[in-house]
Amino acid sequence: MERLRLAFVTGATPDKWARVWRERHPHIPIDLVPVEQAAQRAVLDDGAADMVLARLPVDLDRPRPLHCVRLYDEQQVVVAGREHLVAAADPEGGVTLADLADEQLVAPHPSGWRPDAEQLDWPSMSDKDAVEVVASGTGVVILPMSVARLHARKDVVSRPVTDLEPTQVALIWLRDADSDVHQDFVGVARGRRAGSGRGLSR
C-alpha cells in the first residue's frame with residue numbers, strides 16, 4: 001500500500017493517531033478524509049478509503065464483510081434552544097427520553113427512537129442545519145457529544161440523555177483487504193508501542 005486513506009465521521013478526531021503514524025511510517029503517507037455518517041460504509045465499498053473511523057451501527061456483513069475494532073464510547077446529548085425547557089435541566093444530571101416524549105425531533109435518531117408526540121414532516125438535514133433549526137426554538141435534536149460541541153452556538157444548550165446507550169466509535173475496513181498496514185494502524189489507535197504485535201516490519 002503506497003498510502004493509507006483514513007476516512008473519519010464528523011466529531012471523530014484522528015489527528016493524534018495520524019501524527020504518530022507519520023512519525024513511525026514516513027514512507028507510507030496518510031490521507032485524512034472527512035465523510036458523512038451516512039456514507040461511512042460506502043467509501044470502503046467503492047474504494048475511496050482504506051479504513052474508516054466510523055460511528056456504529058454499521059452493517060458489518062453486506063455487501064462485503066468488514067473488520068471492526070471498537071475504540072471508545074461517546075455520550076449522547078440533546079440539543080435545544082437556550083429558552084427551551086431542556087435548558088433548565090441539570091447539566092450534569094441531564095434528561096431522560098421520557099422528558100423528551102412531547103418534543104419535535106427535527107432529525108431522526110439512528111436508534112430509531114421517536115417522541116410520543118405526532119411529528120412534523122421534517123426535511124432531511126445535516127447535523128449543523130438541525131442545530132440551527134433547534135436554535136430558533138423549534139424542536140430538539142440528539143447528537144453524539146463531540147458533534148454537538150462541533151456545532152455549538154451561544155443560542156443552544158446541550159444536556160446528556162442519561163438512558164440512551166452511548167454511541168460507539170470504531171475502526172472498520174474490508175476483511176478481504178486486510179494487511180499489515182491496516183493492523184499497524186489499529187495498533188496506533190490502541191496505543192501500542194512501535195514494534196509490538198502484528199504489523200509492518202521495521
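Counting from 1, one number per residue, gives the positions in the sequence shown under the UniProt record's numbering. Where is the CB? At the ideal position from N, CA and C, for every residue including glycine. Since the structure is predicted, the reported quantities are computational estimates derived from the model, not experimental observations.
Among the residues of its own chain, which have a CB less than 6 Å from the CB of Asp87, if the five just before and after it don't count?
What you label residue 87 is simply residue 87 of the sequence shown in a count that begins at 1. It is Ala, not Asp, that sits at residue 87 in the sequence shown. Val157.
What do you get for Asp50, buried or exposed, if any count of 16 or more other CB atoms within 10 angstroms of its CB means buried?
In the sequence shown, residue 50 corresponds to position 50, counting from 1. Asp50 comes out buried.
Is Glu74 helix, strand or coil by DSSP?
Position 74 of the sequence shown holds residue 74. Three-state DSSP puts Glu74 in a strand.
Check Gln37 in the structure and name its three-state DSSP category.
Walking along the sequence shown from the start, residue 37 turns up at place 37. If DSSP states are grouped into helix, strand and coil, Gln37 belongs with the helices.
What does DSSP give as the partner residue(s) for Ser179 in the beta ladder?
Within the sequence shown, residue 179 is the residue found at index 179, counting from 1. Answer by DSSP bridge pairing: none, since Ser179 is not bridged.
Going by beta carbon distance, what residues of the same chain come within less than 6 Å of Ser201, once the five residues before and after it are set aside?
To locate residue 201, count along the sequence shown from 1; it is residue 201. Because Ser201 sits at a pLDDT of 35, beneath the cut-off of 50, its placement in the model cannot be relied upon, and the following sentence gives the value as read from the coordinates. Excluding residues within five positions, none has a Cβ falling inside 6 Å.
With DSSP collapsed to three states, give me the class of residue 267.
Summary: the structure shown does not reach residue 267, with the chain confined to residues 1 through 202, and so no result is reported for it.
Classify Asp121: buried if its beta carbon has 16 or more other beta carbons within 10 angstroms, exposed otherwise.
The sequence position of residue 121 within the sequence shown is 121, counting from 1. Per the 10 Å Cβ criterion, exposed.
For Val141, which residues of its own chain have a beta-carbon under 6 Å away from its beta-carbon, when the five flanking residues on both sides are left out?
Locating residue 141 in the sequence shown gives position 141, where the first residue counts as 1. So the list reads Val79, Val106, Ala107, Ala130 and Val134, once near-sequence residues are dropped.
Where Asp31 falls: helix, strand or coil (DSSP)
Numbered from 1 along the sequence shown, position 31 holds the residue referred to as residue 31. Three-state DSSP puts Asp31 in a strand.
Any idea which residues DSSP pairs Met51 with across the strands?
As a working mapping, residue 51 is identified with position 51 in the sequence shown. Leu6.
Would you kindly work out how many angstroms separate the C-alpha atoms of Cys68 and Ile172, rounded to a whole number?
Mapped onto the sequence shown, residue 68 falls at position 68. Mapped onto the sequence shown, residue 172 falls at position 172. For Cys68 and Ile172, the distance between alpha carbons rounds to 5 Å.
Taking only the alpha-carbon atoms, compute the straight-line gap between Asp90 and Gln37 and give it to the nearest angstrom.
Start at 1 with the first residue of the sequence shown, and residue 90 comes out as number 90. Start at 1 with the first residue of the sequence shown, and residue 37 comes out as number 37. When rounded, the distance between both Cα atoms is 30 Å.
When the Cα of Thr13 is compared with those of Leu150, Asp163, Pro110 and Thr162, which residue comes out closest?
Translated into positions along the sequence shown, residue 13 becomes position 13. Checking every option, the nearest Cα to that of Thr13 belongs to Leu150.
Distance, Pro166 Cα to Val58 Cα
Looking up residue 58 in the sequence shown gives position 58. Looking up residue 166 in the sequence shown gives position 166. Cα to Cα, Val58 sits roughly 15 Å from Pro166.
Using the three-state DSSP reduction, which class does Ser158 fall into: helix, strand or coil?
Taking the first residue of the sequence shown as position 1, residue 158 is located at position 158. Three-state result, Ser158: strand.
Test item: CB-CB of Asp116 and Asp102 under 8 Å:
Here residue 116 corresponds to residue number 116 of the sequence shown, with the count starting at 1. Here residue 102 corresponds to residue number 102 of the sequence shown, with the count starting at 1. Going by C-beta atoms, Asp116 is nearer than 8 Å to Asp102.
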